[in-house]
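Take the sequence shown: its letters are residues 1 to 525, numbered as in the numbering used here. Just so you know, even glycine gets a beta-carbon here, dropped at the ideal spot from N, CA and C. Fair warning: this is a prediction, and the values are worked out from it, not measured in the lab. See below for the structure under consideration.
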Amino acid sequence: MALVVNGPAGDHWRANGRLMAVAWGICLALLLALGGGSSANAMQDQVIRGGWYPWKPYQYLEKSDNMRRITGLDVQLLRAVFEDKLGRTLELPQVGWDRHQKQIRSGDRDVAGGAFMTEERSQYAYFSEPYRTEDIILVSRWDQPTARAMLQPSVFSQSFPKSQLRLGVVSGYVYGDAIDQFLRAPSNRGRWLSTSTDLNNLQNLIDGKVDLVAIDRLVGGTLLWEQGFTSQLVAGNQPIFSGPIVVLFSRRTTSPALVNAFNHAMETLRQEGRYNQIVRDYLFPTLLGMTAGQPWFFALETIGTAAFAFSGVLLAQQERFSLFGAFVLASLPAVGGGILRDLIVNRDRPAVLQSVHNLTIVIVLVLFSYIVMRAPLPRRLPRWTHHLRLNGAWMIQVLDALGLAAFTVVGVIVAVEEQCDPLLIWGPVFSAMTGAGGAILRDVIRADASHPTLRHEIYAEISLFWGFVLSLFISFYADSNSVNPIPLNTAVILTAMGCLITRLLVMQLKIKPPAFSRIRQLGGR
Numbered sequence: 001m002a003l004v005v006n007g008p009a010g011d012h013w014r015a016n017g018r019l020m021a022v023a024w025g026i027c028l029a030l031l032l033a034l035g036g037g038s039s040a041n042a043m044q045d046q047v048i049r050g051g052w053y054p055w056k057p058y059q060y061l062e063k064s065d066n067m068r069r070i071t072g073l074d075v076q077l078l079r080a081v082f083e084d085k086l087g088r089t090l091e092l093p094q095v096g097w098d099r100h101q102k103q104i105r106s107g108d109r110d111v112a113g114g115a116f117m118t119e120e121r122s123q124y125a126y127f128s129e130p131y132r133t134e135d136i137i138l139v140s141r142w143d144q145p146t147a148r149a150m151l152q153p154s155v156f157s158q159s160f161p162k163s164q165l166r167l168g169v170v171s172g173y174v175y176g177d178a179i180d181q182f183l184r185a186p187s188n189r190g191r192w193l194s195t196s197t198d199l200n201n202l203q204n205l206i207d208g209k210v211d212l213v214a215i216d217r218l219v220g221g222t223l224l225w226e227q228g229f230t231s232q233l234v235a236g237n238q239p240i241f242s243g244p245i246v247v248l249f250s251r252r253t254t255s256p257a258l259v260n261a262f263n264h265a266m267e268t269l270r271q272e273g274r275y276n277q278i279v280r281d282y283l284f285p286t287l288l289g290m291t292a293g294q295p296w297f298f299a300l301e302t303i304g305t306a307a308f309a310f311s312g313v314l315l316a317q318q319e320r321f322s323l324f325g326a327f328v329l330a331s332l333p334a335v336g337g338g339i340l341r342d343l344i345v346n347r348d349r350p351a352v353l354q355s356v357h358n359l360t361i362v363i364v365l366v367l368f369s370y371i372v373m374r375a376p377l378p379r380r381l382p383r384w385t386h387h388l389r390l391n392g393a394w395m396i397q398v399l400d401a402l403g404l405a406a407f408t409v410v411g412v413i414v415a416v417e418e419q420c421d422p423l424l425i426w427g428p429v430f431s432a433m434t435g436a437g438g439a440i441l442r443d444v445i446r447a448d449a450s451h452p453t454l455r456h457e458i459y460a461e462i463s464l465f466w467g468f469v470l471s472l473f474i475s476f477y478a479d480s481n482s483v484n485p486i487p488l489n490t491a492v493i494l495t496a497m498g499c500l501i502t503r504l505l506v507m508q509l510k511i512k513p514p515a516f517s518r519i520r521q522l523g524g525r
């Protein structure tokens, strides 16, 4: 049964009902709009808009196994803070540094990592607590002595403003008072050239468009090393400017509360040890790579490779191996340990494939030795050959010790590059494997049951010890939060020298390794 109301009373009821329905509809729409807006704002508040630019080892695109990912020291630290600690989503599209700064000012981006503090930036950004330091150095060409003299900060500050040398910079970067004042002076506008990246800057330097380039020490060292510019360009040792690095927070879109939360989260990372782990993973491969790229280390590694290869040639001659057999016995101690190490660590590209330098040494040495050994000897040999015959074995052992010293350092470098953890275990293991692994493989190929490297000589143990010493120093140095390469260079030199001297003393004093003895049988006579 339905209730029907007719007449004026019914019309009045129906009119009021329609008004109430409209009112309720409006309220519901407002509630939905407010709720949806709050939800959208909440979602938007969870997103931190940043950016990245090519600036290795701080920010860069890593390609491996057909994968591409944005990584680097600054990237990993910001992700650890915003995503792991604060529960935010960090967006990192690629953007030029100059444009990034403009968008921080306008509020189109929220944060920018890896920045110096300046008065101008304080007008549009909050500053986090400093989380690392940065050194600005100068780079010049080897063939320009006038520009090369400017690599010294004292010479640069006195002589560069009066010279006609041209300077290369990146748009929007801060380089310290000396360079920034030079860039601001209208009279100097024709003496500097700005680009979008540091790589373009260095290429302009090679092409002669500029005479000096200002660059971060580690960024410059990485580019010189990876791009093969070390034969044409030289970097200064002393910084033209040093300063603390902070994260910029846009004043338009962030608040001091977010900055405080960031600072607290960064301090938590330090206390947990994650900060030092990230620093070691991203800065120390660059620092060690810069050291390994020095001419003295290259010479040391070359001498060691030749010594390892020649020891194989001598064994091939003594045991009458074929020419190919001599090549196998020479190449195993020279590159075999590195190949074994790279297979274990699963490197994307083994070191032996990255450069033909070591294999070229092996091939040339084997062929040269074959020709010399097959050549007819004169009836009367010169007197110096008698001394060489007496001291030749000792000379080979000395050269072999040089190779062991160089390969010990290389093993630790690979462990750091591949982020092997704990370093105190894998650093020494890779040192011994790189230095002695090839010799062990050679003895296996020769079917030498005596295995002198494993039974009669203190050899791999030396690499283990000095690899542990260098790994220990790296672990402690990471805790100091310093990126000065001089202490690390010194540690590498001392490690190589210590390994060399230890090997020479062991040979001179004829120290034998501790060995297991047979278990004595109980009872009987």
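- [ ] Give me the Cβ distance between G427 and G467, rounded to the nearest whole Å; I'm assuming they're in contact under 8 Å.
- [x] Within the sequence shown, numbered from 1, the residue matching residue 427 stands at position 427. Within the sequence shown, numbered from 1, the residue matching residue 467 stands at position 467. G427 to G467, Cβ: 5 Å. Contact.
TODO: Return helix, strand or coil for Y60, following the three-state DSSP convention.
DONE: Indexing the sequence shown from 1 puts residue 60 at position 60. Three-state DSSP puts Y60 in a strand.
- [ ] Give me the Cβ distance between D281 and Q397, rounded to the nearest whole Å; I'm assuming they're in contact under 8 Å.
- [x] Position 281 of the sequence shown, counting from 1, holds the residue named residue 281. Position 397 of the sequence shown, counting from 1, holds the residue named residue 397. Going by Cβ atoms, the distance from D281 to Q397 rounds to 37 Å, so no, they are not a contact pair.
TODO: Can you check DSSP and say which residues form a bridge with R68?
DONE: By 1-based counting over the sequence shown, the position of residue 68 is 68. Beta-bridge analysis with DSSP links R68 to K63.
TODO: For my contact list, V279 and L73 are in at a C-beta cut-off of 8 Å; report their separation, rounded to the angstrom.
DONE: The residue labelled residue 279 in the question sits at position 279 within the sequence shown. The residue labelled residue 73 in the question sits at position 73 within the sequence shown. A Cβ-Cβ distance of about 7 Å is found for the pair V279 and L73, placing them in contact under the 8 Å criterion.
Open item on the list: With H, G and I counted as helix, E and B as strand and the rest as coil, what does DSSP make of F516?
Closed with: As a position in the sequence shown, residue 516 is number 516, starting the count at 1. The answer is coil: DSSP assigns F516 none of H, G, I, E or B.
Task: S140 versus Q294: straight-line alpha-carbon distance, rounded - done: By one-based count along the sequence shown, residue 140 stands at place 140. By one-based count along the sequence shown, residue 294 stands at place 294. So the alpha carbons of these two residues sit roughly 17 Å apart.
Task: Alpha carbon of L34 to alpha carbon of V111, nearest angstrom - done: Counting from 1 along the sequence shown, the entry for residue 34 is found at position 34. Counting from 1 along the sequence shown, the entry for residue 111 is found at position 111. Unreliable placement is indicated for L34, whose pLDDT of 46 sits below 50; no coordinate value is reported for it.
Task: Alpha-carbon spacing of I511 relative to H456, whole angstroms - done: The residue labelled residue 511 in the question sits at position 511 within the sequence shown. The residue labelled residue 456 in the question sits at position 456 within the sequence shown. CA-CA distance, I511 to H456, rounds to 9 Å.
Task: Stretch pair the stretch 189-202 + the stretch 164-175: three plus CB contacts closer than 8 Å - done: Yes, since at least three Cβ pairs between the stretch 189-202 and the stretch 164-175 fall closer than 8 Å, the two stretches touch.
Task: Same chain, Cβ closer than 6 Å to S217, five either side skipped, listed in chain order - done: Your numbering for residue 217 matches position 217 in the sequence shown. In the sequence on display, residue 217 carries Arg and not Ser. Closer than 6 Å at the Cβ level, and outside the excluded window around R217, lie D135, I137.
Task: Inter-stretch contact at 8 Å, needing at least 3 Cβ pairs: the stretch 74-85 / the stretch 257-271 - done: Yes: at least three Cβ pairs fall under 8 Å.
Task: Whole-angstrom distance between S250 and N484, CA atom to CA atom - done: Mapped onto the sequence shown, residue 484 falls at position 484. Mapped onto the sequence shown, residue 250 falls at position 250. Distance between the alpha carbons of N484 and S250 is about 31 Å.
Open item on the list: Using 8 Å for Cβ pairs, my map puts V412 next to S475. What's the rounded Cβ distance?
Closed with: Counted from its first residue, the sequence shown places residue 412 at position 412. Counted from its first residue, the sequence shown places residue 475 at position 475. Actually they are not in contact, since the Cβ atoms of V412 and S475 sit about 11 Å apart, beyond 8 Å.
TODO: Please name the residue or residues paired with Y126 in a DSSP beta bridge.
DONE: Taking the sequence shown and counting its residues from 1, the one referred to as residue 126 is at position 126. Y126 is bridged to F249.
Open item on the list: Tell me whether R68, by its Cβ, gets closer than 7 Å to a heavy atom of the ligand MG.
Closed with: As for the ligand MG, it is missing from this structure, which has no ligand bound.
Open item on the list: I'd like to know whether the C-beta atoms of F516 and A491 end up nearer to each other than 8 Å.
Closed with: The residue labelled residue 516 in the question sits at position 516 within the sequence shown. The residue labelled residue 491 in the question sits at position 491 within the sequence shown. No. Outside cutoff.
Open item on the list: At 4 residues or longer, what runs of the alpha helix (DSSP H) sit wholly inside the stretch 435-496?
Closed with: 452-455, 460-479
Open item on the list: In this structure, how does DSSP classify L138 when only helix, strand and coil are distinguished?
Closed with: Reading the sequence shown from its first residue, position 138 is the one you call residue 138. Three-state DSSP puts L138 in a strand.
Task: Element boundaries [alpha helix (DSSP H), containing T118] - done: Position 118 of the sequence shown, counting from 1, holds the residue named residue 118. Going by DSSP, T118 is part of no alpha helix (DSSP H) at all; its letter is neither H nor E.
- [ ] Assign H357 to buried or exposed, taking buried as 16 or more other Cβ atoms, counted over all protein chains shown, within 10 Å of its Cβ.
- [x] Taking the sequence shown and counting its residues from 1, one reaches residue 357 at position 357. With fewer than 16 other Cβ atoms within 10 Å, it is exposed.
- [ ] Compute the distance between the beta-carbons of I361 and T305, then report whether it is under 8 Å.
- [x] Stepping through the sequence shown from its first residue, residue 361 is reached at position 361. Stepping through the sequence shown from its first residue, residue 305 is reached at position 305. Against a cut-off of 8 Å, the Cβ pair of T305 and I361 comes out as a contact.
Task: N-terminal and C-terminal residue of the alpha helix (DSSP H) that I240 is part of - done: Within the sequence shown, the letter at position 240 stands for residue 240. I240 -> no alpha helix (DSSP H), and no H or E assigned at all.
Task: the stretch 440-447 / the stretch 486-501 touching (three or more Cβ pairs under 8 Å) - done: Result no; under three Cβ-Cβ pairs closer than 8 Å.
- [ ] Please determine, among L61, T253, L233, N346, the residue with the shortest C-alpha to C-alpha distance to G530.
- [x] The chain is shown only over 1 to 525; residue 530 falls outside these bounds and no answer can be derived.
Task: Buried versus exposed, by CB contacts within 10 Å (16 or more), H12 - done: For this step, residue 12 is matched to residue 12 along the sequence shown. The predicted model places H12 with a pLDDT of 48, which falls under 50 and marks its position as unreliable; any figure quoted below should be read in that light. Result: exposed.
Open item on the list: I'd like the span of the alpha helix (DSSP H) that includes R99, first residue to last.
Closed with: The residue you call residue 99 lines up with position 99 of the sequence shown. For R99, the enclosing alpha helix (DSSP H) stretches over residues 97-106.
TODO: Measure the CB-CB distance between I215 and N201 and report whether it falls below 8 Å.
DONE: Within the sequence shown, residue 215 is the residue found at index 215, counting from 1. Within the sequence shown, residue 201 is the residue found at index 201, counting from 1. In contact: I215 and N201 (Cβ atoms closer than 8 Å).
Open item on the list: So if DSSP puts D535 in a beta bridge, which residue, or which two residues, is it bridged to?
Closed with: Nothing about residue 535 can be read from this structure; the chain reaches only from 1 to 525.
- [ ] Run the CB neighbour count on V372, radius 10 Å, all protein chains shown included, and call it buried at 16 or more, exposed below.
- [x] Taking the first residue of the sequence shown as 1, we reach residue 372 at position 372. With fewer than 16 other Cβ atoms within 10 Å, it is exposed.
Task: According to DSSP, residues forming a beta bridge with E91 - done: As a working mapping, residue 91 is identified with position 91 in the sequence shown. DSSP lists R49 as partners of E91.
TODO: Measure the C-alpha to C-alpha separation of E120 and I104 and round it to an integer number of angstroms.
DONE: Locating residue 120 in the sequence shown gives position 120, counting from the first residue. Locating residue 104 in the sequence shown gives position 104, counting from the first residue. Distance between the alpha carbons of E120 and I104: 12 Å.
TODO: Give every residue of the same chain whose Cβ lies closer than 7 Å to the Cβ of Q528, excluding the five residues on either side of it in the sequence, and list them in chain order.
DONE: This structure does not reach residue 528, given that the chain is present from 1 up to 525, and the question cannot be answered.
TODO: Rounded to whole angstroms, what's the CA-CA distance from G113 to T286? Just pull it up for me.
DONE: Counting from 1 along the sequence shown, the entry for residue 113 is found at position 113. Counting from 1 along the sequence shown, the entry for residue 286 is found at position 286. Going from the Cα of G113 to the Cα of T286 covers about 19 Å.
Open item on the list: Taking the straight line between their C-alpha atoms, what separation do you get for S480 and Y370?
Closed with: As a first step, residue 480 must be located in the sequence shown, where it is residue number 480. As a first step, residue 370 must be located in the sequence shown, where it is residue number 370. Those two C-alpha atoms are separated by around 53 Å.
- [ ] Could you check if E301 is buried or exposed, using at least 16 other CB atoms within 10 Å of its CB as the buried criterion?
- [x] Along the sequence shown, read from residue 1 onward, the residue named residue 301 stands at position 301. With 16 or more neighbouring CB atoms inside 10 Å of its own CB, E301 falls in the buried class.
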